[in-house]
Ligand code: KG4
Ligand code: ZN
């Protein structure tokens, strides 16, 4: 290891992530303890349970990451930790562990914006992945997660201009809601995506909220349309309103496909239009919904047709993880003097104030 090695900690929501990343790109370890099973019963993240689970798993995850990378404390140049946005109790676990480790081992501490992490995941390289060119500027970044949906123009490192964002729900939130309405459990995104793959007819058209020629998004109308159609399909199949029974597999697949197609169409169309308007050379895609196969395929085809580069991290780096915090943290880590002495949790930290 010849570069700068950061220990990176992510605990903003329901994944406990601890990673070791060299020079903001090369992953040496990336341990993620998922709480999906813990929150499945309630169909959504329970903040208090999330905070306790972070507390339970963060030190084992740290031990795993250090052992996996074969690193010891002398190898570590600094500690990066998510400071927001996210759930306050969850953020505080990561921040307090990072702060304690920084004090005990005398390392600089760097607070990282979670959203900047989703953007910089596009710079990461897996341990055995051949070195390849970093994303070229200018570029457009589309971040689609459970809590956020926005489009950025980037003309250089950490140079962000917000082009548009959701005016109501995040795309991932809509996936989770529709997954729940279809009885597919939590989190809904991956389940809806799997169900959509089984669709045969692929003819159901759900409404798209274009919001004129803005780069903003809206998914609440689509959610309502999905709720109505699911209710109508249940009535068609003779399922009483208060009955637990699921729709037929075929109908679930067609509804999931129609919903997903509407989300993908709006996201891809706006990202491509944003790239054209800014003269971007590349589009980078990040956030949990970027794990969606249909969105990846659509953007791959659309960017290829226009001679643009598409950079999408593998699915495990799109959903919350520590490595992306190491990638974004590296940019802030120029000198030991840049360390955040007074690091505090910021539950609604905006990207522009990263
Ligand atoms: O980025 P992330 O892990 O956490 C947040 O910062 O929100 O994103 C989680 C979101 C969830 O809403 C989840 O349902 C969605 O990403 N998601 C997907 C897929 N995998 C995860 N949505 C659609 N298709 C997927 N394959
Ligand atoms: Zn996230």
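Residue numbers (our numbering): 2 to 355.
Even for Gly, the Cβ is constructed at its ideal location relative to N, Cα and C.
Any idea what DSSP makes of residue i, helix, strand or coil?
i           : result
residue 73  : coil
residue 355 : With a pLDDT of 35 at residue 355, under the threshold of 50, the modelled position of this residue cannot be trusted; read the value that follows with caution. In this structure, residue 355 counts as coil in the three-state DSSP scheme.
residue 292 : helix
residue 240 : coil
residue 311 : strand
residue 59  : helix
residue 217 : coil
residue 317 : helix
residue 29  : strand
residue 112 : strand
residue 82  : strand
residue 338 : Residue confidence is low: residue 338 scores 49 on pLDDT, short of 50, so the model does not pin down where it sits. Its coordinate-derived value is still stated next. The answer is helix: DSSP assigns residue 338 an H, G or I state.
residue 12  : coil
residue 323 : helix
residue 3   : coil
residue 348 : coil
residue 305 : helix
residue 134 : coil
residue 126 : strand
How about residue i: is its Cβ closer than 6 Å to a heavy atom in ligand 1?
i           : result
residue 177 : yes
residue 43  : no
residue 191 : yes
residue 290 : yes
residue 188 : yes
residue 194 : yes
residue 3   : no
residue 293 : yes
State yes or no: is the C-beta of residue i nearer than 6 Å to some heavy atom of ligand 2?
i           : result
residue 35  : no
residue 321 : yes
residue 249 : no
residue 349 : no
Does the distance from the CB of residue i to the CB of residue j come in under 7 Å?
i           : j           : result
residue 78  : residue 5   : yes
residue 265 : residue 315 : no
residue 193 : residue 287 : no
residue 260 : residue 179 : yes
residue 330 : residue 59  : no
residue 7   : residue 19  : no
residue 62  : residue 17  : yes
residue 65  : residue 32  : yes
residue 10  : residue 95  : yes
Per DSSP, what are the beta-bridge partners of residue i in this structure?
i           : result
residue 150 : 145
residue 18  : 11 and 33
residue 161 : 155
residue 287 : 144
residue 166 : 151
residue 23  : 6 and 27
**Asked** Taking contact to mean at least 3 C-beta pairs separated by less than 8 Å, is the segment 123–142 in contact with the segment 165–175?
**Response** no
**Asked** Taking one C-beta from the segment 211–219 and one from the segment 241–260 each time, how about it: are there three or more such pairs within less than 8 Å?
**Response** No contact exists between the segment 211–219 and the segment 241–260.
**Message:** With a threshold of 8 Å, are at least 3 pairs of Cβ atoms found where one atom belongs to the segment 39–55 and the other to the segment 309–325?
**Reply:** no
**Message:** Does the segment 130–143 come into contact with the segment 273–285, if we say contact requires no fewer than three beta-carbon pairs (one atom in each stretch) closer than 8 Å?
**Reply:** yes
**Prompt:** For the segment 39–48 against the segment 101–109, are there 3 or more C-beta pairs whose distance is under 8 Å?
**Reply:** no
**Validate contact between the segment 195–210 and the segment 146–162 using beta carbons, cut 8 Å, 3 pairs** = Under the Cβ criterion (8 Å, minimum of three pairs), the segment 195–210 does not count as touching the segment 146–162.
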